[in-house]
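S.K.:
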Amino acid sequence: MGLMQEVQNLAIVDIFKEAKKPDLFVGRPFYLDFDKAYLLITDAWKERVGGIPQGTFILAFYENENDDVDECLLLRAIKPAKLPTDNDVIASMVEYYKDNLKTSGKKSQLDDFTKYTFSFSGLECRILGTFFRDGNKKIQFGADVENYYSAHNYVAYKPVGDILEQIVNFRDGNITIGSTIDYRIGKIRYSSSRRFQETHTDVPVYVSPSDFLGKRTALFGMTRTGKSNTVKKIIEATTEISNKATQTCTNASTTFAIDNVKQFNDDGIPKYKAGQIIFDMNGEYANANLQDEGTAIFEKYSEITTRYSVLDKPGFKVLKVNFFKDIAVGFELICSLLADETGDYIKSFISVDFEEPEDKYGSAYTRWARKVAVYQCCLKAAGFTVPRNHKVKFSGHRDINGKIMSGKTLDPSGGINLDDAVAFWTWVADNQDDSFFVNYRAKNGHDWVDEDLKALLVFLTRKRNLSGTASLSGFRKLVSLKDYHTVQSDTSFETDIVECLRRGDIVIIDLSQGDPNIQKTFAEKICLSVFRNSMDNFVNNRPNNFIQFYFEEAHNLFPQKDDKDLSRIYNRIAKEGAKLNIGLIYATQEVSSISSNILKNTQNWFIAHLNNDDELKEIKKFYDFEDFCDSLIRYSSGSDKGFIRMKTYSNAFIIPVQVDRFTAQGD
């Protein structure tokens, strides 16, 4: 299908009347407890209802002529169960096989009673909860069993059509489909084989975008199983509900007070337009995809979409930093580039602290200004374009200011250009035996050039310990970062992105090209910028609209399973994002590749094909995905693409879904 379709006033069907039809009868329970039900079924009953594949929903109604109780158990078929008579049946079958007698077909020599007996089998089912009629005669659902009666009081039926549609689309305990905020994501699909299912009317499955806004959502499965398509459907649903909002955070009142608690209007529409930011590792959201024609998000929502890239490309804004203005951001990019270097002088360089002191008149600020000046000299030496009329200002000393350039006193405290600054610091590095430095060391017990400043001077002069010849790579290590530098931008890309998201726009960060370390640094900086902006709004009682983060190939950015550092921005978004109205949607192949702290805070799950037991062991830890492990590890062909097991925030149980195909075209 193309656009997600809104549900239009679907009539509520009374399941206690419509579901108990003779042609839907599948069997009777012979054992019940709070968690499991075992049914007696037969081949004829299974054939009549169109088969009972693994995962089939079944309704077990309480029927006792002495009680007037509107109650039924919702079951899920799991696997065959052993009957008390199975051993006798198996023994009889073996005897027939030994005698080489025909046991099936029109020429079967079995008598009718024996054939009838052989056709029975057991079915183990998970009890998902209870449908019941409350005091107002309204049908509700509870995700457990309040009381169970003797098994012989129940009769089991297979729900189909409108009945099944209501069961899989209820919200928070109430069957309330028909809301204008529900959007179709796909249809019910029980199995890879669909001989029976193709003869039945499709049963649509809807999602509420409010399940994703401000929540954490995971999508797992092997490559080409439909994860990206499902993410695009979620983006589509979020955009559609966002378009119904009437306000943006950019024009919201700052006197927010009580309203900050309520993020949705009475009709379920969010109060403010939702912003969405997509970290696109493969470029499939930002660029037209020849493999899946017409499926790029930017094509469908071009009017509200801004694309960024780490490289210059037509139609994209560039993720570049003014290294001379944004000291912290630029230096962080440098540190990410040099993180794997082993040289001691490089480790000393990337360990320099550039945090600006609050006190502008203390000695700490004096030392900080000197470090910034030498750092910017390194940038100039590496070929970074210097902003027009750019100067650095720092405190030298009167005893050395006149020694730098013959016939000229160089006073950096009033501001000097970078050529003069390079001359100043080169002289300082080359003349550590000057009387000023010797006397300073004797008087104060430490060098005028502290350790951080020395590390920077080594990088600038390329001389180890500031002596000898220039034998180190030094500032030349920074040359490759020139492509990420700009002197044109008046505001940083971080500020621009936050403004787009507050307006309710879509931002796509194309990370398909460029250095992987730089990509990670940009992604973390953007996430941290949005998080800090949201936290600032939160503590100052200003509104936060919903902002949804999407991470494709999340294993490239997220902390690994055994990473215990909870201060990482992705962990903080997972654990603290809810109160800031930040949603997190991430997709990857392996459950085991994601930090357990992120997994434990995830509310929505979309699971496609997994190909090994290690991943199944991980997924078993969450909800009742254990029921689907056998089918998740089986994969027949490309026809299973988009076959997902879905658990959303407002659904009490997992639903097997064939997700509709996303297209950038209209209906």
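193 is the number that numbering that gives the first Met the number 0 gives to position 194 of the sequence shown; each next residue is one higher, with no gaps.
C-beta atoms are modelled at their ideal positions from N, C-alpha and C, and glycine is treated no differently.
1. Is Ile57 closer than 9 Å to Lys157 when the C-beta atoms are compared?
2. Note down, in chain order, each residue of its chain lying with its Cβ closer than 7 Å to the Cβ of Val658, except the 5 sequence neighbours on either side.
3. Could you work out which residue in Gln487, Phe348, Phe474 and Phe435 is closest to Arg387 when comparing CA atoms only?
4. Could you tell me which uninterrupted alpha helix (DSSP H) segments, each at least 4 residues in length, are contained entirely in the region 445-495, listed from first to last along the chain?
5. For the alpha helix (DSSP H) that Asn603 lies in, which residues bound it at each end?
6. Residues in its own chain within less than 7 Å of Ser118 by CB, not counting five upstream and five downstream?
7. Could you spell out the range, first to last residue, of the beta strand (DSSP E) harbouring Ala36?
8. When you compare only the Cα positions, how much space is there between Phe423 and Ser412?
9. Check whether the region 585-597 touches the region 545-556, counting contact only when three or more Cβ pairs, one atom from each stretch, lie closer than 8 Å.
10. Assign Val309 to buried or exposed, taking buried as 16 or more other Cβ atoms, counted over all protein chains shown, within 10 Å of its Cβ.
11. Return the chain-ordered ranges of every alpha helix (DSSP H) run that is complete within the region 504-556 and spans a minimum of 4 residues.
12. What does the Cβ neighbour count give for Ala469, buried or exposed, with the cut at 16 atoms within 10 Å?
13. In chain order, what residues of the same chain have a beta carbon less than 6 Å from the beta carbon of Thr245, not counting five sequence neighbours either side?
14. Runs of 3 residues minimum, wholly inside the region 269-309: which ones carry the beta strand (DSSP E) assignment?
15. For Tyr205, name the three-state secondary structure that DSSP assigns.
16. Quick one: what does DSSP say Gln139 is sitting in, helix, strand or coil?
17. Taking only the alpha-carbon atoms, compute the straight-line gap between Glu498 and Ser335 and give it to the nearest angstrom.
18. Could you name the residues of the same chain whose beta carbon sits closer than 7 Å to that of Ala256, not counting the 5 residues immediately before and after it, in chain order?
19. Take Asp339 as the anchor and find which of Ile403, Phe219, Lys476 and Val391 has the nearest alpha-carbon.
20. Starting from Leu127, follow its DSSP beta bridges and name the residues at the other end.
21. What span of residues does the beta strand (DSSP E) with Arg27 cover, start to end?
22. Quick check: the region 390-398 against the region 344-362, are there 3 or more CB pairs under 8 Å?
23. Could you check the C-alpha separation between Ala18 and Ile162 for me, to the nearest Å?
24. Throw me the rounded Cβ distance for the Asp34 and Tyr648 pair, which I believe falls under 8 Å.
25. Tell me which same chain residues have a C-beta within less than 8 Å of the C-beta of Lys574, skipping the five on either side of it?
26. Can you list, in chain order, the residues of its chain whose CB lies under 7 Å from that of Val351, leaving out five sequence neighbours each side?
27. Rounded to a whole number of angstroms, what is the C-alpha to C-alpha distance between Ala663 and Gly274?
28. So, is Pro313 buried or exposed, given that buried needs 16 or more other C-beta atoms within 10 angstroms?
29. Just verifying my parser: in three-state terms, what is the DSSP assignment at Ser120?
30. Straight-line CA distance for Ile673 to Lys16?
31. Could you tell me which of Lys646, Arg223, Asn611 and Asn242 sits nearest to Asp629, measuring between CA atoms?
32. Taking only runs that begin and end inside the region 375-451, name each unbroken alpha helix (DSSP H) of 4 or more residues, in chain order.
33. Grab the span of the beta strand (DSSP E) containing Ala150 for me, first residue to last.
34. Should Leu212 go down as buried or exposed, given a rule of 16 or more other Cβ atoms within 10 Å for buried?
35. For the alpha helix (DSSP H) that Ile240 lies in, which residues bound it at each end?
36. Within 10 Å of its beta-carbon, does Val391 have 16 or more other beta-carbons around it, so buried, or fewer, so exposed?
M.R.: Based on what the coordinates show:
1. Yes.
2. So the qualifying residues of the chain are Ile184, Gly185, Gly225, Asn228, Thr229, Lys232, Gly641 and Ile643.
3. Per the Cα distances, Gln487.
4. Runs of the alpha helix (DSSP H) inside the region 445-495: 450-460.
5. Not the alpha helix (DSSP H): Asn603 falls in the beta strand (DSSP E), residues Asn603 to Ile606.
6. Taken in chain order, the residues that qualify are Thr41, Asp42 and Ala43.
7. Lys35 to Thr41 is the span of the beta strand (DSSP E), which, as asked, contains Ala36.
8. Counting only the Cα atoms, Ser412 lies some 12 Å from Phe423.
9. As far as the Cβ criterion goes, the region 585-597 touches the region 545-556, which means the pair count is three or higher.
10. Per the 10 Å Cβ criterion, buried.
11. Within the region 504-556, the complete alpha helix (DSSP H) runs of at least 4 residues are 515-538.
12. Counting every other CB atom within 10 Å of its CB across the protein chains shown gives Ala469 a total below 16, marking it as exposed.
13. Exclusion of the five residues before and after Thr245 leaves no residue of its chain whose Cβ lies closer than 6 Å to its Cβ.
14. List check, beta strand (DSSP E) in window: 274-279 and 304-308.
15. In the structure shown, Tyr205 sits in a strand (DSSP, three-state: E or B).
16. In the structure shown, Gln139 sits in a strand (DSSP, three-state: E or B).
17. In a straight line, the C-alpha of Glu498 is about 26 Å away from that of Ser335.
18. Legend: pLDDT at Ala256 = 45, less than 50; position of this residue unreliable, no value from coordinates given.
19. For the set Ile403, Phe219, Lys476 and Val391, the Cα lying nearest the Cα of Asp339 is the one of Lys476.
20. DSSP output for Leu127 lists no bridge partner at all.
21. Counting along the chain, the beta strand (DSSP E) containing Arg27 begins and ends at Phe24 to Leu31.
22. Contact fails: fewer than three Cβ-Cβ distances are below 8 Å.
23. Taking the straight line from one Cα to the other gives about 7 Å.
24. Rounded, the Cβ-Cβ distance is 23 Å, inconsistent with contact.
25. Around Lys574, the same chain offers Leu565, Asn596 and Asn600 as residues with beta carbons nearer than 8 Å, after the five sequence neighbours per side are excluded.
26. Excluding residues up to 5 positions away in sequence, Lys370, Asp451, Ala454 and Leu455 lie with their Cβ nearer than 7 Å to the Cβ of Val351 in the same chain.
27. About 19 Å.
28. Taking all protein chains in view, the Cβ of Pro313 is surrounded by fewer than 16 other Cβ atoms within 10 Å, so the residue is classified as exposed.
29. Ser120 sits in a strand when the DSSP states are folded into three classes.
30. Residue 673 lies beyond the stretch modelled for the chain, which goes from 0 to 666, so this question has no answer here.
31. Per the Cα distances, Asn611.
32. Fully contained in the region 375-451 are the following alpha helix (DSSP H) runs of length 4 or more, in chain order: 397-400, 417-429 and 434-443.
33. Element bounds for Ala150: n/a, residue is neither H nor E.
34. By the neighbour-count definition (other C-beta atoms within 10 Å, threshold 16), Leu212 is a buried residue.
35. Run containing Ile240: Lys226 to Asn242, per the alpha helix (DSSP H) assignment.
36. Val391 should be labelled buried.
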